[in-house]
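Q:
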Amino acid sequence: MTRLASLCYEEYPPLDGAYQDRSYGRRLSLREVLGFWRGIREAGLYVHWPFCGRRCAYCYCDSRVPEPGEEARYLQAVEAEHRRLSRGLRFTSYLLAGGTPTDAAPGRLEKLLRLAPGAEITVEATPASLDKEKIRVLRAHRVSRVDLGVDSLDPAVLHRAGRPGQDRDTVRTAFAGLAESRIRVDASLVCGLPGQEQESFLADVEWVLKLRPAALRLYAFDPRPQTRFKRREAWAGEALGLADGLAGAAGYGSPKEPWKLPRSVLGVGAGAKSHAFGAGWHQHPPLAGRPFRGLGPFYGMELSPEDEERRFVVRGLGVNGRVSRAAFRKMFGRDVMKPGPFSRDLLRMERAGGLSIQGEEIRLLGPSHALALLCERKILKQILRNNRIGLRPMRCHVYEHHS
Ligand code: SF4
33 MTRLASLCYE EYPPLDGAYQ DRSYGRRLSL REVLGFWRGI REAGLYVHWP FCGRRCAYCY
93 CDSRVPEPGE EARYLQAVEA EHRRLSRGLR FTSYLLAGGT PTDAAPGRLE KLLRLAPGAE
153 ITVEATPASL DKEKIRVLRA HRVSRVDLGV DSLDPAVLHR AGRPGQDRDT VRTAFAGLAE
213 SRIRVDASLV CGLPGQEQES FLADVEWVLK LRPAALRLYA FDPRPQTRFK RREAWAGEAL
273 GLADGLAGAA GYGSPKEPWK LPRSVLGVGA GAKSHAFGAG WHQHPPLAGR PFRGLGPFYG
333 MELSPEDEER RFVVRGLGVN GRVSRAAFRK MFGRDVMKPG PFSRDLLRME RAGGLSIQGE
393 EIRLLGPSHA LALLCERKIL KQILRNNRIG LRPMRCHVYE HHS
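Residue numbering for the sequence shown follows my numbering, starting at 33 and increasing by one per position.
Set out below in structure tokens:
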């Protein structure tokens, strides 16, 4: 099975992990940003393509319908930024996401896919965008995995969301074309969209599982300010529980390997977050619905070794619910419970019932927003000041096929 190496999602603002927000940090010069990358030789690449042919009413990604000429200008800016920041870097993994990169014309998609030669490539796509020509381009560039946003198969829900051109045939054809090209398919569905019925969501889950995606992600719809829908159907939590049973019966279970990210990730494009391990974070502002007029200034901050240690634990607990002390030792060359301010915070949280620290494993017991208590204070302060979304747990169930 393809190694899940391109999971750079948490580097991207719309998915809120404990360290996600839109604009924390201070304004940085290009010189400071280049300084973060000095001495780093290997990284993941994340490129954000913020355009879609149509905008779905439930979407909270940083995406918009482009004006004439906007995609060409954006691509030029991405290529220039990539040339400037990637000097001396070798990319081991590449996530091209958005928006819908496969909505771009084949020539543009080719240019985007050329940005990380030799890397393991994952591309986000919608079923309706994957015609034969696009799949040929993906295959020619050795894309190993497509994240297929199916979202829903209910015609009434899709109509209400303004997402035409998708039905079971489109999805089946996309799966077949990708399978023929030996490209792994991870599919996703959204649960609790306004107007969606619990039965129709569960029918979608069963139907998609029959297509045998390598992984299935079920997202609870999150009515953030960027969406046009304002509420989630009340049955969503119960339905996600029932979907666990459907996935289990179809031979799917929790991923055997916890999510891993490359230590450093270079994010290129509007809103894409970069992390130079042990040096700093930086990002450009997202488009936030406005037409593209240039990538704008860099924002970010320096990261100390202690920031990295806290981030490693907070992310591990937030995403996987657990952190292995052995993995921490491997990464940082010391035990996480070595006496110091951080181990004191961990013990405090254990006493409050939020964590269990037993043997080689630290497990999250309480709600994941309690992880804020473990964040490095300067980052936490910034998050709380700048991020109106706050520290939300990710409501996502992930299953992998256990073959
Ligand atoms: S949900 Fe996906 S396809 Fe729809 S607007 Fe958002 S990014 Fe584009």
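Idealized CB from N, CA, C, for every residue including glycine.
1. If you draw a straight line from the alpha carbon of E334 to that of L298, how long is it in whole angstroms?
2. Does the separation of the CB atoms of L128 and L117 fall below 8 Å?
3. Alpha carbon to alpha carbon, how far is P187 from T259?
4. Could you compute how far the alpha carbon of P181 sits from the alpha carbon of V430?
5. So which residues put a beta carbon under 7 Å from any heavy atom of the ligand SF4, going in chain order?
6. Which class does K288 belong to by DSSP, given the choice of helix, strand or coil?
7. Okay, do the region 209-224 and the region 159-171 touch, 3+ Cβ pairs below 8 Å being the bar?
8. Roughly how many angstroms separate the alpha carbons of L423 and V346, rounded to a whole number?
9. With three or more C-beta pairs closer than 8 Å as the rule, is the region 88-99 touching the region 307-314?
10. Grab the span of the beta strand (DSSP E) containing S356 for me, first residue to last.
11. Which of the three DSSP states is assigned to T34 in this structure?
12. For a test of the three-state rule: what should DSSP assign to H429, helix, strand or coil?
13. Is there contact between the region 319-331 and the region 71-79, where contact requires at least three CB pairs shorter than 8 Å?
14. Give the C-beta separation of V175 and P138 to the nearest angstrom, bearing in mind that I take them to be a contact with Cβ-Cβ under 8 Å.
15. Reducing DSSP to helix, strand and coil, say where Y106 ends up.
16. Does the region 213-229 come close enough to the region 245-258 to have 3 or more Cβ pairs within less than 8 Å?
17. Roughly how many whole angstroms lie between the Cα atoms of R192 and G227?
18. Identify the residues that DSSP records as bridge partners of R96: which are they?
19. Buried or exposed, going by whether 16 or more other CB atoms sit within 10 Å of the CB of L406?
20. Quick one: complete beta strand (DSSP E) runs, 3+ long, within the region 254-318?
21. Looking at L185 and A219, is the spacing between their C-beta atoms short of 8 Å?
22. Would G130 pass as a contact of H173 if the rule is Cβ separation under 8 Å?
23. Consult DSSP for G71 and reduce its assignment to one of helix, strand or coil.
24. Decide if D199 is buried, meaning its Cβ has at least 16 other Cβ atoms within 10 Å, or exposed.
25. Pick helix, strand or coil for G348, following the three-state DSSP scheme.
26. R354 and L397 - do their beta-carbons sit closer together than 8 Å?
27. Do F233 and A279 have their CB atoms nearer than 8 Å?
28. Among the candidates E99, F83, A112, L121, whose CA atom is the shortest distance from the CA of R70?
29. By a C-beta neighbour count over all protein chains shown, 10 Å radius and 16 as the cutoff for buried, is D367 buried or exposed?
30. Using DSSP's beta-bridge definition, name the partner residues of F364.
A: For this structure:
1. 15 Å
2. no
3. 19 Å
4. For clarity, residue 181 is Gly in the given sequence; the question names Pro instead. Answer to the nearest angstrom: the Cα atoms are 14 Å apart.
5. C84, R86, R87, C88, Y90, C91, C93, S95, G130, G131, T132, T158, G181, D183, R195
6. coil
7. yes
8. Note that L423 scores a pLDDT of 42, beneath 50, so its modelled location is shaky; the value from the coordinates is reported in the next line. Distance between the alpha carbons of L423 and V346 is about 12 Å.
9. no
10. 354-356
11. Its pLDDT being 24, under 50, T34 is placed unreliably in this model, and the value from its coordinates should be taken loosely. In this structure, T34 counts as coil in the three-state DSSP scheme.
12. strand
13. no
14. That belief does not hold up - the Cβ atoms of V175 and P138 are roughly 13 Å apart, past 8 Å.
15. helix
16. yes
17. 8 Å
18. F83
19. buried
20. 297-300, 305-308, 312-315
21. no
22. no
23. coil
24. exposed
25. helix
26. no
27. no
28. L121
29. exposed
30. F364 is not bridged to any residue.
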